[in-house]
Amino acid sequence: MTTAATGKPVAGAEPAPVRARDLAPRRTTRAYSSEKRRSTLLTVLLWLCALYFVLPIAWLVIASTKDNSDLFSTFGYAFGHFNLFQNIHDVFTVSGGIYLQWALNTVIYAAVSALGASFLATMAGYAFAKYRFPGANLMFSVVLGAIMIPLTALALPTYLIFSQFGITNTPWSVIVPSLVSPFGVFLMRVYAADAIPDSMIEAARVDGAGEWRIFWQVGLRLLGPGIVTVFLFALVATWNNYFLPLIMLNSSNLYPLTVGLAQQQATSAGGGGSQAMFSTVITGSMVSIIPLIIAFLFLQRYWQTGLASGSVKE
């Protein structure tokens, strides 16, 4: 009986070679398993990052519903006696309702700074992306270097310069430094390089449009998502800024929310009532983040597009 008939290999015969298609399922299975493990690890890391940011906000929301005694007698993430509405009433009535003045100051500082920073960053980024001029690379390198310098390191020199011009303890001492956004310039340069085709600019020049008209009527319309992204970054940075207003401002009527709430708590603790204003300050902090959440929700379809710019290179 032959080997083919019995199915048994002949003694001394070489084994049949393994074909590539026989190994393909094994390789596919190993690749799928490795990809699944990597995906699971990334998912766990993302959940940990989400918890890192969500837990403080959850604590803030829960703590704002407690009175002073419950803040220190209950677990941080456990609800006590519901006192939210009384806390909100105290926020807007304590010290003659100065919280409203601080909120108005914060809105003015953040809105003016964000609008100005967005416009200046857009012009600078457009120029770096679409014009070739001597020293462009050097200037852009300086912009990149400025991103790495912490703002707190520049606060004291800025104060000394502004004091020479007599503009400390004024709104301009907070607004003017916030108009400079090196990261915004970098982001707009990357975005403008991809969003505005050079052929479109050349066509506009052929039609007789000047450089300013091209930027204003063509460039700004195409740079919308990038502008919104820079605007939101500048808005949040100015809204949450604490150190610069603390140095520049002396009058409580000019304080933003960050400095005002901190001074309010320090005054309460220094007066012997270490718990007297905790619930008020915590509730005021919760109220202060609501406008930022609304801004992000309202503009999210724009800033998500702006953040994705430059991630895919054609």
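The sequence shown begins at 20 in our numbering and counts up one residue at a time. Cβ atoms here follow ideal geometry from the backbone N, Cα and C, with glycine treated the same way.
Local Cβ density within 10 Å of residue i, reported as buried at 16 or more and exposed below that
| i | result |
| --- | --- |
| Y150 | exposed |
| T112 | exposed |
| V5 | Nothing can be reported for residue 5, as the shown portion of the chain is limited to 20 through 333. |
| S182 | exposed |
| M207 | buried |
| V225 | exposed |
| G245 | buried |
| T302 | buried |
| V162 | buried |
| K55 | exposed |
| N124 | buried |
| F184 | exposed |
| S88 | exposed |
| F147 | buried |
| S137 | buried |
| A122 | buried |
| L65 | exposed |
| T171 | exposed |
| N106 | buried |
| I215 | buried |
Contact set for residue i: own chain, Cβ-Cβ below 6 Å, skip 5 residues either direction
| i | result |
| --- | --- |
| T277 | Y261 |
| A212 | A148 |
| G279 | W121 |
7 Å CB neighbourhood of residue i in its chain, flanking five on each side removed
| i | result |
| --- | --- |
| S132 | I194, S197, L198, A253 and T257 |
| A77 | Y96 |
| A223 | I233 and V237 |
| I166 | P201, F202 and F205 |
| Y178 | T187, I266 and M267 |
| M296 | Q283, Q284 and S287 |
DSSP-derived helix/strand/coil call for residue i
| i | result |
| --- | --- |
| H100 | coil |
| A228 | coil |
| N259 | coil |
| R151 | coil |
| S83 | coil |
| T93 | coil |
| T187 | coil |
| N272 | helix |
| M142 | helix |
| L242 | coil |
| M296 | coil |
| M167 | coil |
Limits of the alpha helix (DSSP H) - the one that residue i falls within
| i | result |
| --- | --- |
| Y178 | L170 to F184 |
| P196 | W191 to S197 |
| V113 | Looking at the DSSP string, V113 is not in any alpha helix (DSSP H), and its letter there is neither H nor E. |
| L206 | P201 to A214 |
Residue i at chain E interface by Cβ criterion, 8 Å
| i | result |
| --- | --- |
| V110 | The structure shown contains no chain E; it holds only a single protein chain. |
Sequence-distant residues of its chain with Cβ nearer than 8 Å to residue i (five each side left out)
| i | result |
| --- | --- |
| D217 | K149 |
| I81 | G95, Y96, A97 and F98 |
| N102 | T84, K85, D86, D89 and S298 |
Residue i: CB within 7 Å of a non-hydrogen atom of the ligand COA
| i | result |
| --- | --- |
| L265 | In the structure shown, the ligand COA is absent, as is every other ligand, since no ligand is present at all. |
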